[in-house]
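These protein sequence lines map, in sequence, to chains S and B. Every position in the first sequence, counted from 1, becomes a number in the working numbering once 897 is added. Every position in the second sequence, counted from 1, becomes a number in the working numbering once 224 is added.
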Amino acid sequence: MKNYKIGMGLILGIMATMPFVAADLKAGPEIYIIPNVGLALIGGFIVGAVFLIRWIIRKIKNKQ
Amino acid sequence: MIKDIMKNNLSIITTYSIGHFYVDFICSFVLSLIIFQNTNNVTSIASLIVIYNIIAFGTQPFFGFIIDHYKKPKIGAITGLLISTIGLIFFFNPLIATILLGIGNAIYHVGGGVIALNLEPSKAKYPGIYVAPGALGLFLGGLLGYFQIQSWIFLVIGIILSVALITLIHKIPLPKIPKFKEKKINLIGIVLLLLLVSVCMRSLIGYSLNLEWKYLFILGLVLTIAIASGKFFGGFLADKYGFMKVGMIGLIVAAPLLVFFQSIPIIVFIGAFCFNLVMPITLTALAEAIPNYKGFAFGLTTLSLVIGYLLFLSLKNYLVIGQIFTVIVIFINIGSLYLGLKKYEEIKT
């Protein structure tokens with residue numbers, strides 16, 4: 898159920914950003930697109946790293 | 225017996241440090257070549273730099289995690305070298321070269337990092353030796369690219385060097401990575417958080433310094449040597465006198481030198497040396513907090529560096545990045561390092 902909610906949230910999030918990305922693309926210069934995509938990716942990496950840290954701590958906890 | 229182990233460790237760390245220098249050198253060389261060839265197309269250059277930094281720094285925790293999971297750091301280092309070399313061969317195609325170099329750089333760094341951190345667990349000297357040559361590689365590679373030195377002879381030399389290094393890394397035997405006893409669970413999270421904040425603040429301080437003179441070749445070179453030797457000797461000093469003592473003294477001495485004497489190169493060199501003593505300390509303490517995930521811990525430090533850079537970019541728009549700002553950040557850095565190392569000492573005992 899939790900995964901389903903996260904998945905739905907992600908899809909809605911992507912749909913919400915689409916008009917902005919489209920507008921940027923229409924505006925032309927890649928300088929708007931790539932830094933934004935880059936920031937989103939770094940944001941994703943940070944979230945991923947936090948998730949992994951929590952996973953590692955949970956794993957160690959279970960072992961102990 | 226101990227002598228033999230030390231001799232073997234020394235040959236391992238020397239090989240992987242040369243590899244680190246080489247990977248950073250070719251990445252910096254190709255990127256600098258691309259940048260200076262396309263100075264009229266600022267947009268593309270900015271995009272390529274963003275792409276490279278995201279791949280090279282942002283993905284390291286994940287490559288590190290994979291290497292930790294399979295316990296194959298040697299294969300990681302060889303793969304990283306191989307991909308970087310392919311990136312060098314593709315220097316005529318900026319986008320492909322940038323992506324390949326970013327991936328190769330990320331994988332090599334964590335592969336070699338895991339090996340350096342495991343040679344003598346909880347000692348900082350080997351990680352210090354491993355990370356030090358990177359700065360020199362970046363500087364010299366960037367310089368060669370700036371002079372637009374490009375010929376097929378360089379490419380052939382590059383490929384031969386890569387093959388030689390890959391063969392050397394493949395041949396050199398590595399001690400087996402043991403399974404480490406996990407640390408006190410209630411403190412791991414806080415140690416990681418505090419030390420990562422410290423790394424992030426260090427990156428922020430590095431970017432907020434205004435050192436215009438560093439673009440003069442000789443001053444830039446001496447500054448790079450000061451940074452590299454700070455990292456190199458930081459590990460040795462920390463092992464001899466303790467992480468806390470060296471880390472705190474390093475930062476407290478560096479702070480006034482870097483904040484109030486930015487225009488005097490010789491003082492900045494001393495400040496940069498002291499400032500970088502902390503680097504192998506935070507790296508080793510982080511890795512020892514989660515000893516079975518050292519590659520992941522290594523990668524977290526680079527991700528924190530990127531966060532520091534992004535913080536700098538965003539704060540730059542709202543704040544005047546001057547001496548007061550740097551002083552505040554240095555205080556946060558000292559505080560987080562002190563608390564992080566204090567908690568680290570608690571989980572060590």
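Glycine included, C-beta positions come from ideal geometry on N, C-alpha and C.
### Query
B:Thr267 lies in the alpha helix (DSSP H); which residues open and close that run?
Taking the second sequence and counting its residues from 1, the one referred to as residue 267 of chain B is at position 43. From DSSP, the alpha helix (DSSP H) with B:Thr267 extends over 266–277.
### Task
Out of B:Met425, B:Ile236, B:Pro318, B:Ser386, point me to the one whose CA is closest to B:Val338's CA.
Position 114 of the second sequence, counted from the first residue, corresponds to residue 338 of chain B. Closest option to B:Val338, Cα to Cα, is B:Ile236.
### Task
Keeping to the same chain, check which residues put their C-beta closer than 6 Å to that of B:Gly361; ignore five residues upstream and five downstream.
Mapped onto the second sequence, residue 361 of chain B falls at position 137. Within the same chain, B:Gly361 has close Cβ partners Phe245, Asp248, Phe249.
### Message
Could you give the first and the last residue of the continuous alpha helix (DSSP H) run that contains B:Pro489?
### Response
The residue you call residue 489 of chain B lines up with position 265 of the second sequence. Per DSSP, B:Pro489 belongs to the alpha helix (DSSP H) from 489–500.
### Query
Using CA coordinates, which residue listed in B:Lys572, B:Ile571, B:Leu565, B:Asn233 is at the minimum distance from B:Pro397?
In the second sequence, counting from the first residue as 1, residue 397 of chain B sits at position 173. That would be B:Asn233, whose Cα lies nearest to the Cα of B:Pro397.
### Query
Could one say the Cβ of S:Phe942 lies closer than 8 Å to chain B's Cβ atoms, at least one of them?
By 1-based counting over the first sequence, the position of residue 942 of chain S is 45. Closer than 8 Å: yes.
### Query
How many angstroms separate the CA atom of B:Ala511 from the CA atom of B:Leu341?
The residue you call residue 511 of chain B lines up with position 287 of the second sequence. The residue you call residue 341 of chain B lines up with position 117 of the second sequence. About 7 Å.
### Task
Can you have a look at B:Tyr439 and say buried or exposed, based on whether 16 or more other CB atoms are within 10 angstroms of its CB?
Position 215 of the second sequence, counted from the first residue, corresponds to residue 439 of chain B. It is exposed - the Cβ of B:Tyr439 has fewer than 16 other Cβ atoms within 10 Å.
### Message
Strictly under 8 Å for the Cβ-Cβ distance: is B:Pro285 near chain S by that measure?
### Response
Taking the second sequence and counting its residues from 1, one reaches residue 285 of chain B at position 61. Yes, its Cβ sits closer than 8 Å to a Cβ of chain S.
### Simplified DSSP state of B:Thr309, which is helix, strand or coil
Taking the second sequence and counting its residues from 1, the one referred to as residue 309 of chain B is at position 85. Under the three-state reduction of DSSP output, B:Thr309 falls in the helix class.
### Query
According to a CB-to-CB cut-off of less than 7 Å, which residues of the segment 386–420 of chain B neighbour chain S?
Residues of the segment 386–420 of chain B with a C-beta atom less than 7 Å from some C-beta of chain S are Glu406, Ile409, Ile412, Gly413, Leu416, listed in chain order.
### Message
Quick check on the DSSP output: the alpha helix (DSSP H) that includes B:Glu569 runs from which residue to which?
### Response
Counting from 1 along the second sequence, the entry for residue 569 of chain B is found at position 345. Taken as a continuous stretch (DSSP letters only), the alpha helix (DSSP H) holding B:Glu569 covers 547–572.
### Message
Taking 8 Å as the limit between beta carbons, can you name the residues of its chain near B:Lys298, skipping five residues before and five after?
### Response
Stepping through the second sequence from its first residue, residue 298 of chain B is reached at position 74. Gly335, Ile339, Ile393, His394, Leu398, listed in sequence order.
### Message
Please report whether the beta-carbon of B:Leu524 lies at a distance below 8 Å from any beta-carbon of chain S.
### Response
By 1-based counting over the second sequence, the position of residue 524 of chain B is 300. Interface annotation, B:Leu524: in contact with chain S, CB-CB separation under 8 Å.
### Message
Any beta carbon of chain S sitting closer than 8 Å to that of B:Gly282?
### Response
Your numbering for residue 282 of chain B matches position 58 in the second sequence. It does: the Cβ of B:Gly282 has a partner Cβ on chain S nearer than 8 Å.
#### Entry: Within chain S, partners of B:Ile514 - CB distance below 9 Å
As a first step, residue 514 of chain B must be located in the second sequence, where it is residue number 290. Simply Ile950, Ile953, Ile954, Ile957.
### Message
Could you tell me the alpha carbon to alpha carbon distance between B:Phe522 and B:Ile275, rounded to whole angstroms?
### Response
Start at 1 with the first residue of the second sequence, and residue 522 of chain B comes out as number 298. Start at 1 with the first residue of the second sequence, and residue 275 of chain B comes out as number 51. Taking the straight line joining both Cα atoms gives about 21 Å.
### Query
Shorter than 8 Å from the beta carbon of B:Leu255 to some beta carbon of chain S?
In the second sequence, residue 255 of chain B corresponds to position 31, counting from 1. Not closer than 8 Å to any Cβ of chain S, the Cβ of B:Leu255 fails to qualify, so no.
### Query
Where does B:Thr267 land, buried or exposed, given buried means 16+ other C-beta within 10 angstroms?
Locating residue 267 of chain B in the second sequence gives position 43, counting from the first residue. B:Thr267 comes out exposed.
### Query
Should B:Phe497 and B:Ser453 be called a contact, given that it needs their Cβ atoms to be closer than 8 Å?
Residue 497 of chain B sits at position 273 when you count from the first residue of the second sequence. Residue 453 of chain B sits at position 229 when you count from the first residue of the second sequence. Result yes, Cβ atoms of B:Phe497 and B:Ser453 sit closer than 8 Å.
#### Entry: Whole-number beta carbon distance between B:Leu537 and B:Gly369, since they are thought to touch under 8 Å
Taking the first residue of the second sequence as position 1, residue 369 of chain B is located at position 145. Taking the first residue of the second sequence as position 1, residue 537 of chain B is located at position 313. Going by Cβ atoms, the distance from B:Gly369 to B:Leu537 rounds to 24 Å, so no, they are not a contact pair.
### Query
Are three or more beta carbon pairs between the segment 369–388 of chain B and the segment 465–474 of chain B nearer than 8 Å?
Taking 8 Å as the limit for Cβ pairs, the verdict is that the segment 465–474 of chain B does not touch the segment 369–388 of chain B.
### Query
Using a Cβ cut-off of 9 Å, which residues of the segment 336–365 of chain B contact any Cβ in chain C, in chain order?
In summary, chain C is missing from the structure at hand, where the protein chains are S and B.
### Task
Throw me the rounded Cβ distance for the B:Asn329 and B:Gly288 pair, which I believe falls under 8 Å.
Here residue 329 of chain B corresponds to residue number 105 of the second sequence, with the count starting at 1. Here residue 288 of chain B corresponds to residue number 64 of the second sequence, with the count starting at 1. Taking a contact as a CB-CB distance under 8 Å, the pair B:Asn329 and B:Gly288 does not count as one, their CB atoms being some 13 Å apart.
#### Entry: Cα-Cα separation, B:Trp376 to S:Trp952
Numbered from its first residue, the second sequence carries residue 376 of chain B at position 152. Numbered from its first residue, the first sequence carries residue 952 of chain S at position 55. Approximately 48 Å, taken between the alpha carbons.
### Message
On the criterion of 16 or more Cβ atoms from any shown chain inside 10 Å, does B:Tyr517 qualify as buried, or is it exposed?
### Response
On the second sequence, residue 517 of chain B is found 293 positions in, with the first residue counted as 1. That one is buried.
#### Entry: Spatially closest choice to B:Leu461 from B:Thr238, B:Asn262, B:Lys347, B:Gln284, by CA coordinates
Locating residue 461 of chain B in the second sequence gives position 237, counting from the first residue. Answer by Cα proximity: B:Lys347.
#### Entry: Spatially closest choice to B:Ile290 from S:Ala946, S:Ile908, S:Arg955, by CA coordinates
In the second sequence, residue 290 of chain B corresponds to position 66, counting from 1. Out of S:Ala946, S:Ile908, S:Arg955, S:Ala946 has the C-alpha closest to the C-alpha of B:Ile290.
### Query
Where S:Phe942 and S:Gly935 are concerned, what is the direct C-alpha to C-alpha distance, given to the nearest angstrom?
Counting from one through the first sequence, the residue named residue 942 of chain S turns up at place 45. Counting from one through the first sequence, the residue named residue 935 of chain S turns up at place 38. So the alpha carbons of these two residues sit roughly 10 Å apart.
### Query
Under the criterion of a Cβ to heavy atom distance below 7 Å, does B:Ser422 qualify as lining the ligand NAD?
For the structure depicted, the ligand NAD is absent and the ligand set is empty, with no information on it obtainable.
#### Entry: Test item: CB-CB of B:Val421 and B:Ser560 under 8 Å
Position 197 of the second sequence holds residue 421 of chain B. Position 336 of the second sequence holds residue 560 of chain B. Using a Cβ distance threshold of 8 Å, B:Val421 and B:Ser560 count as a contacting pair.
### Task
For the segment 439–451 of chain B and the segment 544–556 of chain B, state whether three or more C-beta atom pairs, one from each stretch, are separated by less than 8 Å.
Judged by Cβ distances under 8 Å, the segment 439–451 of chain B makes no contact with the segment 544–556 of chain B, as fewer than three pairs qualify.
### CA-to-CA distance, B:Pro345 to B:Phe404, given in whole angstroms
Locating residue 404 of chain B in the second sequence gives position 180, where the first residue counts as 1. Locating residue 345 of chain B in the second sequence gives position 121, where the first residue counts as 1. Cα to Cα, B:Phe404 sits roughly 9 Å from B:Pro345.
### Message
Would you say B:Val530 lies against chain S (beta-carbon separation less than 8 Å)?
### Response
Against the second sequence, residue 530 of chain B aligns to sequence position 306. At a cut-off of 8 Å, the C-beta of B:Val530 has a neighbouring C-beta in chain S.
#### Entry: Residue range of the unbroken alpha helix (DSSP H) whose run includes B:Thr283
Position 59 of the second sequence, counted from the start, is the residue given in the question as residue 283 of chain B. Careful: B:Thr283 lies outside any alpha helix (DSSP H) and carries neither H nor E.
### Query
Relative to the C-alpha of B:Gly564, which residue among B:Ala513, B:Asn317, B:Leu529 is closest?
On the second sequence, position 340 is the one that residue 564 of chain B refers to. Considering only alpha carbons, the answer is B:Ala513.
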